[in-house]
Amino acid sequence: MIHCSGLSDHSTVHHRPQNCPKTASLPSLSAPVLDAAHGPSEGENHTLTKRSNLVLVQGVKLGVSSAPETNTELGMVEDSVDDMYSGCTDKMKDMQEIKEKKYEENSKVLECSKKTPDRGDEALTENHMKAICVYTSNEIYKEFNNAVRENKSIYKSTFKYHYLHFWLTTAIQTLNNNHHCSTTYRRSRMQFTGQVGNIIRFGSFTSTSLKTNLKSFGSKTCFKITTCLGADLKHYLILESAEQEVLIPPYETFNITAVFKGKDKPEALKDCEVVFVLKDFGASSRLNCALITGSP
């Protein structure tokens, strides 16, 4: 494995910054994950070779938190189920855990999963469509994402969501297979801390938006994010929405490049108490292909 200076050998990482090889490992930084409402973007010029704005269900996927105020440090979310299936997708499709459809198929999910992919997205299968529809149905969203954040230790044994995790992950990868980048936003009612230069990740499937004006999701902490691994789910969801959301996978890492408070905050996020600027730093997958290889 190729290393960047000072980085460890505990994860599979595809890393793109100019000063580092494409494959490297990231430092182990422990901290809780975001569990709060995302923010949004509006009125900014987003450079997209391929649009990366996923639309979810009327804000229900945004994870608005009513938790009491505490300082939560941004970090690498060490307990995340972060399998990115790099190099093993075909073998994964043969596993019984992936073949089994463990979720009750209500009429809305069934109808949603039968949608025809747009031209250019023909690689999406019915399993991909079903995973997107189940995720955006809001029936198991909270339980599923909590498990993704915390269940690394039982991933190879009693983890309940292999089917949904695999097909949702590979759907995101299929929809943004060229790693086109976009600028998105996330708002939170929780208070987060972090230092410029730290490498962090959200550790779950994280909703962000191209809009900045979804103020109902909070203004305690806001994020301006450059994501290159998030995907546009377009109309492949159970209900339509106008929130223009981008879904970020658990394994995408970010460099905190700036933290703004007071008058220096971006104009569109002036109402936020603090604004973190995050830049894509590649992927860190400690569980990559773990069901196939049996490690770590």
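By my numbering, the letter at position 171 of the sequence shown is numbered 169, and the numbering carries on one by one without gaps.
For glycine and all other residues, C-beta sits at the position ideal for the given N, C-alpha and C.
By the 10 Å Cβ neighbour count, where 16 or more other Cβ atoms means buried, how is Leu276 classified, buried or exposed?
By the neighbour-count criterion, in which a residue is buried when 16 or more other Cβ atoms sit within 10 angstroms of its Cβ, Leu276 is buried.
Range of the contiguous alpha helix (DSSP H) that encloses Thr210:
Note, Thr210: premise wrong, no alpha helix (DSSP H); not H, not E.
Less than 8 Å between the CB atoms is what I'm expecting for Tyr83 and Phe164, so what's the real figure, rounded?
With a Cβ gap of about 7 Å, Tyr83 and Phe164 count as contacting.
Strand pairing of Ser180, partner residues [DSSP]
Thr225
In or out: Thr167 buried (at least 16 other Cβ within 10 Å) or exposed?
buried
When you compare each of His177, Asn174, Ser207 to Arg185 by their alpha carbons, which one comes out closest?
Checking every option, the nearest Cα to that of Arg185 belongs to Ser207.
Residues in its own chain within less than 6 Å of Leu108 by CB, not counting five upstream and five downstream?
none
Using three-state DSSP, classify Thr114 as helix, strand or coil.
coil
What does the alpha-carbon distance come out to for the pair Val132 and Gly195?
The alpha-carbon atoms of Val132 and Gly195 are separated by roughly 36 Å.
Can you tell me whether DSSP reads Ala65 as helix, strand or coil?
Here Ala65 scores only 47 on pLDDT, less than 50, and its place in the model is too uncertain to base an answer on.
With DSSP as the reference, please indicate the residues paired to Lys140 in a beta bridge.
For Lys140, which the question treats as bridged, DSSP gives no partner whatsoever.
Is it right to say Thr68 is buried, meaning 16 or more other beta carbons lie within 10 angstroms of its own, or is it exposed?
Per the 10 Å Cβ criterion, exposed.
Identify whether Arg147 lies in helix, strand or coil by the three-state DSSP scheme.
helix
List, from N- to C-terminal side, the beta strand (DSSP E) runs of 3 residues or more that fit wholly inside the stretch 153 to 204.
Within the stretch 153 to 204, the complete beta strand (DSSP E) runs of at least 3 residues are 180 to 186, 189 to 191, 197 to 199.
Considering just the uninterrupted stretch of the alpha helix (DSSP H) at Leu289, what are its terminal residues?
288 to 291
Distance cut-off 7 Å: Arg184 Cβ against heavy atoms of the ligand ZN
Ligands displayed in this structure: none; no statement on the ligand ZN is therefore possible.
Checking 8 Å against the spacing of the C-beta atoms, do Lys261 and Val273 come in under that value?
no
With distances taken from CA atoms, which of Arg284, Thr224, Ala281, Asn286 is nearest Ala256?
Among Arg284, Thr224, Ala281, Asn286, the Cα nearest to that of Ala256 is on Thr224.
Closest residue to Phe203 among Lys158, Ser180, Pro247 (Cα-Cα distance):
Pro247
Using a Cβ-Cβ cutoff of less than 8 Å, which residues in the same chain neighbour Gln16 once the five nearest sequence positions on both sides are dropped?
The predicted position of Gln16 is uncertain, since its pLDDT is 39 and thus under 50; no value can be drawn from it.
From the DSSP output, in three-state form, read off Gly260 for me.
DSSP places Gly260 in helix when its eight states are reduced to three.
Can you tell me the Cα-Cα spacing of Phe221 and Phe200, whole angstroms?
12 Å
Using C-beta distances below 7 Å, list every residue in its chain close to Lys150, excluding the 5 sequence neighbours before and after it, in chain order.
Asp77, Ser78, Val79, Leu285
Thinking just about the alpha-carbon of each residue, which of Thr291, Thr251, Glu271, Ser293 is nearest to the one in Ala280?
The sequence as given places Gly at residue 280; Ala does not occur at that position. Closest by alpha carbon: Thr251.
Tell me the residue span of the beta strand (DSSP E) that contains Lys334.
The chain is shown only over -1 to 294; residue 334 falls outside these bounds and no answer can be derived.
Residue from Lys89, Met74, His233, Met93 whose Cα sits closest to the Cα of Arg147:
Met74
When you compare the CB positions of Leu227 and Met90, do they come within less than 8 Å of one another, or not?
no
Would the beta-carbon of Ile254 fall within 8 Å of that of Gly192?
yes
Do Ile156 and Ile236 have their C-beta atoms closer together than 8 Å?
Sequence check: residue 156 is Thr here, not Ile. In terms of Cβ geometry, Thr156 and Ile236 do not form a close pair [threshold 8 Å].
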